[in-house]
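> Here the working numbering is used: the first residue of the sequence shown is 17, the next is one more, and so on.
Quick one: the structure is below, questions incoming.
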Amino acid sequence: MYINHRFSVLLVGVRKNAYICTIILLETLNCKVKEMRDKYTRFLLLLLSMLVTVYTKAQDCQPTGSYNDENGEVMTINAGDNYTGSAPLTMKLKANAPTTNDPATHYEWHFFAQTSPREAFLIRYDEDTEYTFTKAGNTQIVLYEILNGDTTRYNPISVSISESSLQMPNVFTPNGDGINDIYRAKTGYKSIIEFKAVIFNRWGQKLYEWTDPAGGWDGKYKGKDVAEGTYFVNVTAKGADGRRFNIRRDVNLLRGYNQLTP
17 MYINHRFSVL LVGVRKNAYI CTIILLETLN CKVKEMRDKY TRFLLLLLSM
67 LVTVYTKAQD CQPTGSYNDE NGEVMTINAG DNYTGSAPLT MKLKANAPTT
117 NDPATHYEWH FFAQTSPREA FLIRYDEDTE YTFTKAGNTQ IVLYEILNGD
167 TTRYNPISVS ISESSLQMPN VFTPNGDGIN DIYRAKTGYK SIIEFKAVIF
217 NRWGQKLYEW TDPAGGWDGK YKGKDVAEGT YFVNVTAKGA DGRRFNIRRD
267 VNLLRGYNQL TP
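As structure tokens, this is what we get:
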């Protein structure tokens, strides 16, 4: 216990990651500790009716967000980090709370859009949760840890979803050399949340269809190579920003070389 001319501060409780102290206001006029005959009696007599308690809780969670990159590998970002990608993007959010946390602790994930940074458009009441981004724009995800009326706010995880982009090539060379063997969307497509592509021959016969922009046509029909020549692709797609794509173009199938024509 430490006593100065105005205050006495008594440490009354300590636990892991939390410190509770009580500040006791004393009437110290003409009061000196060395003059106390019975320090405990004098202490009680001079104790005022108001006690001020200060509670401070350390941040002990380690919030993270994880997602699969274009190669299928799991990537992780931490609270305070920024990530820029394309939709659809599914992110798994974990509080990573220590096992020593009080079982009464509960968690809230608040999602804030850039257009409304003070009002969450979504709140998830789970320690761990999952969210799929389907719209372009910037989002901040904030974890709140709540125990006995005390709230700890962690740094946000920031996610930026880019505007949509999609282009289709007009030539491919399925000759088995591993280069440009598949007819698919050009590398660099972004934020495509709906996609459908159909290949036709010159007589209007449908040869192949796929619904994932990462997929494509290998130049076969019913398991057999089709002849070299000109085919046609019809693509309908929608971006996370609401943009719609309707692409119709010739597709030149060549087996003799692998140069890609823009």
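Quick reminder that beta carbons are idealized off the backbone N, C-alpha and C, glycines included.
Assess, as a yes-or-no matter, whether the region 219-239 is touched by the region 122-129 under the definition of 3 or more beta carbon pairs within less than 8 Å.
no
> Mind the definition here: the region 242-257 touches the region 162-176 only if three or more C-beta pairs lie below 8 Å; say whether that holds.
no
> Under the rule that 16 or more other beta-carbon atoms within 10 Å means buried, what is R200, buried or exposed?
buried
> Between the C-alpha atoms of R140 and T168, what's the straight-line distance to the nearest angstrom?
16 Å
> Quick check on P79: buried or exposed, where buried means 16 or more other Cβ atoms within 10 Å of its Cβ?
Buried, since its Cβ has 16 or more Cβ neighbours within 10 Å.
> Which full runs of the beta strand (DSSP E) of 3+ residues lie inside the region 241-266, going along the chain?
For the region 241-266, whole beta strand (DSSP E) runs of length 3 or above, ordered along the chain, are 245-255.
> Going straight from the alpha carbon of C77 to that of E86, what length do you get?
29 Å
> Flag this pair as yes or no: are the beta carbons of K151 and A256 separated by less than 8 Å?
yes
> Mind checking which residues open and close the beta strand (DSSP E) that includes A213?
208-216
> Assuming V242 and L269 make a contact with CB atoms under 8 Å, what is their CB distance in whole Å?
7 Å
> Go ahead and label M91 buried or exposed: buried means 16 or more other beta carbons lie within 10 angstroms of its beta carbon, across all protein chains shown.
exposed
> Can you name, in chain order, every residue of its own chain whose Cβ lies under 6 Å from the Cβ of S176, other than the five neighbours on each side?
T100, N154
> Report buried or exposed for P190, applying the criterion of at least 16 other Cβ atoms within 10 angstroms of its Cβ.
Buried, since its Cβ has 16 or more Cβ neighbours within 10 Å.
> Determine the DSSP secondary structure at E124, reduced to helix, strand or coil.
strand
> Touch check for the region 114-123 and the region 157-166: three-plus C-beta pairs under 8 Å?
yes
> Using the C-alpha atoms, what's the distance from F188 back to K222?
18 Å
> Helix, strand or coil for E161 per DSSP?
strand
> When you compare the CB positions of I208 and L182, do they come within less than 8 Å of one another, or not?
yes
> If we call anything under 8 Å between Cβ atoms a contact, is L105 one with T145?
no
> Kindly give me the distance between the Cβ atoms of N217 and R265, rounded to whole angstroms, as I take these residues to be in contact under 8 Å.
Rounded to whole angstroms, the Cβ separation of N217 and R265 is 15 Å, and the two are not in contact under 8 Å.
> When you compare only the Cα positions, how much space is there between G258 and S178?
The alpha-carbon atoms of G258 and S178 are separated by roughly 12 Å.
> Give me the Cα-Cα distance between G204 and D193, rounded to the nearest whole angstrom.
23 Å
> Would you mind sorting P133 into buried or exposed? The rule is 16 or more other CB atoms within 10 Å of its CB.
Exposed, because fewer than 16 other Cβ atoms sit within 10 Å of the Cβ of P133.
> Nearest-angstrom Cα distance between F261 and F211?
9 Å
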